[in-house]
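Some notes on the structure that comes next.
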Amino acid sequence: MNCASARNRLLAQADPADVPDQVSGHLAICTACSAWHSLLVQVDAVVLATPVPAAPAGLKKQLIEQFQPIITAPKPAPPAAKPIVKPASSVVVLAAGASAGDRLAKLWPVGAVAAAVLVGALGWVILGGNSEDGQIVGQPPRDPMLEKVVQAKVDLDTAGTAPERLKVLDRLATDIHEQATTLSMVTPGAEMESLASRYEKVVIAGLVETARLLTDEERKALLDQYRNKLGEAEHQASRSAANAPPGSAEHLRHIAQAAGEGKTRLERMRQGGA
Amino acid sequence: MSSDVVHPAGDEADLVRAAQAGDRPAFAVLIERYWDRLYRWLCRLTRDAAAAEDITQETFLKAFAAVNSFRAGSNFRAWLFRIAHNNFVNQRRAARHIRRPPVPEVAEDWKGPVGETISRENVRLIAEAVAKLPSDFRGALVLRVEEGLSFRDIAEVMGITEETARWRVFKARQKLMAVLAPDLLPTAPNEPMSS
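If you read the protein sequences in the order shown, they are chains A and B. Residue numbers 521 to 794, in the numbering used here, belong to the letters of the first sequence in order. Residue numbers -9 to 185, in the numbering used here, belong to the letters of the second sequence in order.
Right, here's the structure in full:
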């Protein structure tokens, strides 16, 4: 065996420290290859030991919290009455901090994970919690909103064409709108604001901008449909805003405005504008 | 709270089965187990800590969405890393024109047993050479060296043949050795025809 073939054999090993029998004889008599082999083994060690920047713990923690059961605070008193209507989701996370929003929003086209958190918190509040003092809640039910967002993200990544992406974004916008409508009566405030701004982002930065990528023929075939849906969403959100409590109404109006703006832009596009 | 409170020392196959049945805390345990190593691998692939972190998160979310498609009895780690690799490829495609400052490959305060046996200069040379490897080679090498994956599993992760996986690791090591011992190069075997 010559030097070149001995080294090739070593390079091809899963672990270069494991020397094949045929090569070990050569290494015993060839000091150059023996030194070369020592260096090769060290290369793996250096790769293994080369540091990478430590990841901030926040994102990992936030994600894990999305999947964990909650530990409840001791109940101050039994609930006066059980709810008549069970919310769409009771769930998983009470603990996600406000800082989750920025990073999740960056990753997701909408920060609807925040919505899932919101739904979870809402479900828990309405149901009054059903564990005894400080106990871990058992297997939590599935979280439909979170699953929808996860699915939308997957679908967006696999969508190969602008029409396919439009379909996903339209569905996501509808889901967020429905979520906001459901929650508007009971959870006015920052969460509604977050949902409304996410809705706007999906419609204006997502749906409208994706529509610009359609071919002329696709525009003719599809824009009417999405414009009409946005028109309907505008109408529904305005109507919901009229009946919503303070703290929710303004955010439903925000959704209505975003839907209206999206509708106008698609209309302009349909007529041949940019 | 640690996820292992709910699933103490759960066997991986049991955890996956539980996650497939909708047990979210079981999936949280899998996140806890694999986050750091996935992040580390992606960090070496992307050379961008923020991108690596985002892809890590995205990978787990996609894995959760697709967990029912995971076949019992196959390698969950390879499956997870495969999703991560696909995300990395997509991210690289989307951000091809964006140049970010690379991750420093060697910390200023390099210490440890390796540092004691190899000269600091060689450590620096190797780290720089690793950083300059094509990402496909770097990814395969790190999966082999750091994760200890078999060539078959590396092939599964990267969507290539086992032969190509072996060849990439071979070439990566060869390139690194060319930096350290430029006058002692062996000849390369034939490149696989397809991957």
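Glycine included, every Cβ here is placed at the ideal spot set by N, Cα and C. Treat the numbers as computed from the prediction; the structure is a model and nothing was measured.
Query                                                                                                                                                                            : Result
What residue range does the alpha helix (DSSP H) around residue 127(B) cover?                                                                                                    : 125 to 135
For a cutoff of 8 Å on Cβ pairs, would you count residue 540(A) as touching chain B?                                                                                             : no
Helix, strand or coil for residue 559(A), going by three-state DSSP, please let me know.                                                                                         : helix
In whole angstroms, give me the CA-to-CA distance for residue 538(A) and residue 530(A).                                                                                         : 8 Å
Using a Cβ-Cβ cut-off of less than 9 Å, list which residues of the region 555 to 570 of chain A approach chain B; keep chain order.                                              : 555, 556, 559, 560, 562, 563, 564, 565, 566, 567, 568, 569 and 570
Could you tell me whether the Cβ of residue 171(B) comes closer than 8 Å to any Cβ of chain A?                                                                                   : yes
Closest to residue 54(B) by CA distance: which of 151(B), 40(B) and 74(B) is it?                                                                                                 : 74(B)
In whole angstroms, what is the alpha-carbon distance linking residue 543(A) and residue 166(B)?                                                                                 : 21 Å
Can you check whether the CB of residue 719(A) is closer than 8 Å to the CB of residue 693(A)?                                                                                   : yes
Suppose contacts are defined by Cβ-Cβ distances below 8 Å. Is residue 156(B) in contact with residue 127(B) by that definition?                                                  : no
Closer than 8 Å, Cβ to Cβ, to anything on chain A: give me those residues from the region 13 to 37 of chain B, in chain order.                                                   : 13, 14, 15, 17, 18, 21, 22, 25, 26, 29, 30, 33 and 34
Pull up the distance between the alpha-carbon of residue 757(A) and that of residue 41(B), whole angstroms please.                                                               : 37 Å
Report all residues from its chain with a CB closer than 6 Å to the CB of residue 787(A); omit the five preceding and five following residues, and keep chain order.             : 747
Mind listing which residues of the region 120 to 148 of chain B have their C-beta closer than 8 Å to chain A's C-betas, in chain order?                                          : 120, 131, 132, 134, 135, 136, 140 and 141
Would you check if there are 3 or more beta carbon pairs closer than 8 Å linking the region 763 to 771 of chain A to the region 16 to 36 of chain B?                             : no
Strictly below 8 Å CB to CB, what residues from chain C border residue 723(A)?                                                                                                   : In the displayed structure, chain C is absent; the protein chains listed are A and B.
Measuring straight from C-alpha to C-alpha, what distance separates residue 70(B) and residue 81(B)?                                                                             : 16 Å
Going by Cα to Cα distance, which pick from 574(A), 553(A) and 559(A) is closest to residue 27(B)?                                                                               : 574(A)
With a cut-off of 8 Å, does the C-beta of residue 89(B) fall near any C-beta of chain A?                                                                                         : Interpretation of residue 89(B) is limited by its pLDDT of 48, a score under 50 that renders its predicted location unreliable; the figure taken from the coordinates is listed afterwards. Output row for residue 89(B): interface = no.
What's the call for residue 668(A), buried or exposed, on a 16-neighbour Cβ count within 10 Å?                                                                                   : buried
With a threshold of 8 Å between beta carbons, is residue 110(B) in contact with chain A?                                                                                         : no
At the 8 Å Cβ level, is residue 676(A) part of the contact set with chain B, yes or no?                                                                                          : no
Spell out whether any CB of chain A is found under 8 Å from the CB atom of residue 158(B).                                                                                       : no
In or out: residue 633(A) buried (at least 16 other Cβ within 10 Å) or exposed?                                                                                                  : Bear in mind that the predicted position of residue 633(A) carries a pLDDT of just 40, short of 50, making it too unreliable to give a figure here.
Return yes when the Cβ of residue 704(A) is within less than 8 Å of the Cβ of residue 772(A), no when it is not.                                                                 : yes
Report the residue from 732(A), 546(A), 777(A) and 700(A) whose alpha carbon sits nearest the alpha carbon of residue 683(A).                                                    : 732(A)
Going along chain A, which residues have a C-beta under 9 Å from residue 80(B)?                                                                                                  : 677
Which runs of the beta strand (DSSP E) spanning at least 3 residues fall entirely within the region 667 to 703 of chain A, listed in chain order?                                : none
Between the alpha carbons of residue 7(B) and residue 62(B), how many angstroms are there, rounded?                                                                              : 8 Å
Do you know how far the Cα of residue 580(A) is from the Cα of residue 60(B)?                                                                                                    : 22 Å
For residue 690(A), count neighbouring C-beta atoms within 10 Å of its own C-beta (all shown protein chains included) and say buried if the count is 16 or more, exposed if not. : buried
So, are the CB atoms of residue 776(A) and residue 762(A) less than 8 Å apart?                                                                                                   : no
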